[in-house]
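In this note's numbering, the protein residues as written are 158 to 354.
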């Protein structure tokens, strides 16, 4: 069964390499639509892009499509909420906006850094807040970048099919990488804490 999967991946990779420009455009559009609808399973999309297109190209596709797709979702639901649920959402969003007013940018980045919260939930939550498109785009870019760099790296490592059989998570999740994530989160929390004083 594993040999069948390897053969399929090799054939699919050859097809992509023989039609690289068309493959890039189609994959970009597919990823954009996938992230616009905030569908589950984004990790597969992220890994696949760098598996087939390499680390840098895969990362650029991933970060661009998730930021633009999330922005479309954000704007669509912001308009839906404003049009149909304005009174109900206003009470909820007023309380949240007061809480995060001083450090809204840091909270937005932290929300994006929290691993495991579905993209749909994040984008739906953000569409209830009073935040600008610029702040949304920048905080999404900064918040998603660490994970997307990591997952693009992992997907690129998978591209060498021999390494798939020998792949160990410890080769990628080093102490230094985890420490960088923790320091980034702690710095954001400290900045939020001091803004409230």
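Idealized CB from N, CA, C, for every residue including glycine.
Let me know the secondary structure DSSP gives residue i once reduced to three states.
i, result
"residue 297", "helix"
"residue 175", "helix"
"residue 198", "coil"
"residue 189", "helix"
"residue 355", "Summary: the structure shown does not reach residue 355, with the chain confined to residues 158 through 354, and so no result is reported for it."
"residue 282", "helix"
"residue 303", "helix"
"residue 233", "helix"
"residue 273", "coil"
"residue 315", "helix"
"residue 242", "coil"
"residue 182", "helix"
"residue 164", "helix"
"residue 227", "helix"
"residue 254", "helix"
"residue 287", "coil"
I think residue i touches residue j, with their Cβ atoms under 8 angstroms apart; what is that distance to the nearest whole Å?
i, j, result
"residue 345", "residue 267", "5 angstroms"
"residue 192", "residue 227", "6 angstroms"
"residue 276", "residue 303", "The Cβ separation is near 16 angstroms, so there is no contact."
Between the C-alpha atoms of residue i and residue j, what's the straight-line distance to the nearest angstrom?
i, j, result
"residue 296", "residue 263", "8 angstroms"
"residue 174", "residue 224", "26 angstroms"
"residue 184", "residue 206", "8 angstroms"
"residue 208", "residue 310", "9 angstroms"
"residue 291", "residue 204", "27 angstroms"
"residue 335", "residue 178", "36 angstroms"
"residue 319", "residue 202", "Reliability of the predicted coordinates at residue 319 is poor, the pLDDT of 48 falling under 50, and no value is obtained from them."
"residue 161", "residue 240", "51 angstroms"
"residue 187", "residue 237", "24 angstroms"
"residue 182", "residue 293", "25 angstroms"
"residue 261", "residue 180", "38 angstroms"
"residue 253", "residue 214", "37 angstroms"
"residue 190", "residue 251", "31 angstroms"
"residue 246", "residue 212", "41 angstroms"
"residue 274", "residue 255", "23 angstroms"
"residue 348", "residue 233", "31 angstroms"
"residue 166", "residue 338", "32 angstroms"
"residue 298", "residue 269", "9 angstroms"
Could you work out which residue in the options is closest to residue i when comparing CA atoms only?
i, options, result
"residue 229", "279, 175 and 194", "194"
"residue 301", "271, 162 and 237", "271"
"residue 220", "335, 308 and 316", "308"
"residue 243", "284, 201 and 172", "284"
"residue 313", "337, 216, 188 and 350", "216"
"residue 169", "188, 299, 210 and 305", "210"
"residue 197", "343, 279, 337 and 350", "279"
"residue 286", "249, 338, 316 and 339", "249"
"residue 171", "213, 316 and 246", "316"
"residue 222", "199, 233, 246 and 343", "199"
"residue 235", "347, 348 and 289", "289"
"residue 100", "218, 167 and 166", "This structure cannot settle anything about residue 100, because the visible part of the chain is limited to 158 through 354."
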